[in-house]
Amino acid sequence: MSNSMVFRYDVDGDDFTLAGEISSKVKKRLKQLGLPPETIRKVAIAMYEAEINMVIHANGGTITVEVSPETIHIIFADRGPGIPDIDKAMEEGFSTASHEVRELGFGAGMGLPNIKKNSDKMTIDTKVGEGTTIELWMEVC
Amino acid sequence: MELKKVQEILDATVYTGGDRLEEMQVMEACGSDLMSDVLAFVKEQGLLLTGLQNLQVVRTAEMMDMEAIVFVRGKVPNEEMIAAAERMEMVLMTTELPMFTACGLLYENGLHGGKAVEDGE
Numbered sequence: 001m002s003n004s005m006v007f008r009y010d011v012d013g014d015d016f017t018l019a020g021e022i023s024s025k026v027k028k029r030l031k032q033l034g035l036p037p038e039t040i041r042k043v044a045i046a047m048y049e050a051e052i053n054m055v056i057h058a059n060g061g062t063i064t065v066e067v068s069p070e071t072i073h074i075i076f077a078d079r080g081p082g083i084p085d086i087d088k089a090m091e092e093g094f095s096t097a098s099h100e101v102r103e104l105g106f107g108a109g110m111g112l113p114n115i116k117k118n119s120d121k122m123t124i125d126t127k128v129g130e131g132t133t134i135e136l137w138m139e140v141c
Numbered sequence: 142m143e144l145k146k147v148q149e150i151l152d153a154t155v156y157t158g159g160d161r162l163e164e165m166q167v168m169e170a171c172g173s174d175l176m177s178d179v180l181a182f183v184k185e186q187g188l189l190l191t192g193l194q195n196l197q198v199v200r201t202a203e204m205m206d207m208e209a210i211v212f213v214r215g216k217v218p219n220e221e222m223i224a225a226a227e228r229m230e231m232v233l234m235t236t237e238l239p240m241f242t243a244c245g246l247l248y249e250n251g252l253h254g255g256k257a258v259e260d261g262e
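Protein chains in written order, with the working numbering: chain L, 1 to 141; chain Y, 142 to 262.
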C-alpha cells in the first residue's frame, strides 16, 4: 500500500445545509487524481448518502478516505445512537428520519441500500448508544 | 437538447451559466422532489426538474454529474445555491410552470427521461 493516500475529515453535525461538503471535496480530489469517472461517481453517491446519514442521525463524525491505485477504502465513524436493527435499516423504504429531513428531499429509506449498491464491499459495525462505523471498499474500475 | 432550447420552451429565468446555454446539451432529464430517488435511480440524465429549493438539491445534482437544474412553479434559488452552482459551473433556472407541464413540454419537444437504474446493472 505504499502508493496509497489518506485523507481525513471531520463532519459537522449541527448544520444540515453543510452536509455534503466533504463528499464534494473528495469528488474534486479524485477528479484531480485522474480516477475513472464511473469510480468517482460511485464514491460520490455512496459518500454523500453516508455523510447525510451522519449529519441527520449521528450529529457528525469522521470520514477517512484511503485511495490506492486499485481500491478506494472509506471509513465513516460516528458516536451516534447506533443502529438497533441492521436488517431493518437495510430495507428500502425503512427510515427513522425526521419530518424536517424529509421536507428537504431525504429520509426516504434509500440511503443504506444505495450505499451498498454503489460499493463493492460494505461492513457495518454498530452498537446502540455508542456509535456506528461503516466501511466501504470500491475497486477502481 | 440544447439548454438554450430548454430555457425557451419553459420560458425560464436563468440565474447561473447564462453564457453557456448554447454550448451545453442534455440528452435526458428527470423530474423529482425526492433527492433520495435522484441519488438512487438517476443514470445519464443531465437535467433535473424539481420543486424543491435548498442547497442539497444543488449538491445532489453535483454528485450525479448533472449539468442543469430547473426549479418549477417559480421557485427561486437562494444566494447560497447560486454561489455553489457558479463554483460547480452548473446552470440554474426557474420556470413559472408546474412540474407536470414543464416535464410534458420538454418531452413533447424530444427530451426524454431515460431508464431507471436497476440493481446489478
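Just so it is clear, CB atoms sit at the ideal spot from N, CA and C, and this is done for glycine as well.
Limits of the unbroken beta strand (DSSP E) element including residue i
i             : result
residue 169/Y : It is not in any beta strand (DSSP E) - residue 169/Y carries neither H nor E in the DSSP assignment.
residue 73/L  : 71–78
residue 105/Y : The structure shown does not extend to residue 105/Y, since chain Y spans only 142 to 262, so no value can be given for it.
Close-in-space but distant-in-sequence residues of the same chain around residue i (CB under 7 Å, 5 per side omitted)
i             : result
residue 45/L  : 114, 118
residue 154/Y : 234, 235
Same chain, Cβ closer than 6 Å to residue i, neighbours up to 5 away in sequence not counted
i             : result
residue 86/L  : 124
residue 38/L  : 141
residue 73/L  : 66, 137
residue 179/Y : 173, 201
residue 13/L  : 55, 59, 60
Where residue i sits in the DSSP three-state scheme
i             : result
residue 207/Y : coil
residue 162/Y : coil
residue 232/Y : strand
residue 176/Y : helix
residue 196/Y : helix
residue 191/Y : strand
Below-8 Å beta-carbon distance, residue i vs any chain Y residue
i             : result
residue 33/L  : no
residue 8/L   : no
residue 41/L  : yes
residue 23/L  : yes
residue 110/L : yes
residue 106/L : yes
residue 19/L  : yes
residue 66/L  : no
Paired residues, beta bridge with residue i - DSSP
i             : result
residue 184/Y : BP columns for residue 184/Y are empty, so no partner.
residue 131/L : 127/L
residue 9/L   : 63/L
8 Å Cβ cutoff, residue i in contact with chain L
i             : result
residue 195/Y : yes
residue 175/Y : yes
residue 198/Y : yes
residue 231/Y : no
residue 203/Y : yes
residue 181/Y : yes
Residues near residue i in its chain [Cβ-Cβ closer than 8 Å; skip 5 each side]
i             : result
residue 199/Y : 210, 218, 222, 225, 226, 229, 231, 233
residue 261/Y : With a pLDDT of only 40 at residue 261/Y, under the threshold of 50, the placement of this residue in the model should not be trusted, and no figure is reported.
residue 31/L  : 40
residue 195/L : Past the boundaries of the shown model lies residue 195/L; chain L is included only from 1 to 141, so the question cannot be answered.
Start and end residues, alpha helix (DSSP H) containing residue i
i             : result
residue 56/L  : 37–58
residue 15/L  : Here residue 15/L belongs to no alpha helix (DSSP H), and DSSP marks it neither H nor E.
residue 242/Y : 240–249
residue 147/Y : 144–151
residue 29/L  : 21–32
residue 87/L  : 86–90
residue 217/Y : Counting along the chain, residue 217/Y falls outside any alpha helix (DSSP H), and DSSP gives it neither H nor E.
residue 114/L : 111–117
residue 140/L : Looking at the DSSP string, residue 140/L is not in any alpha helix (DSSP H), and its letter there is neither H nor E.
residue 99/L  : 99–103
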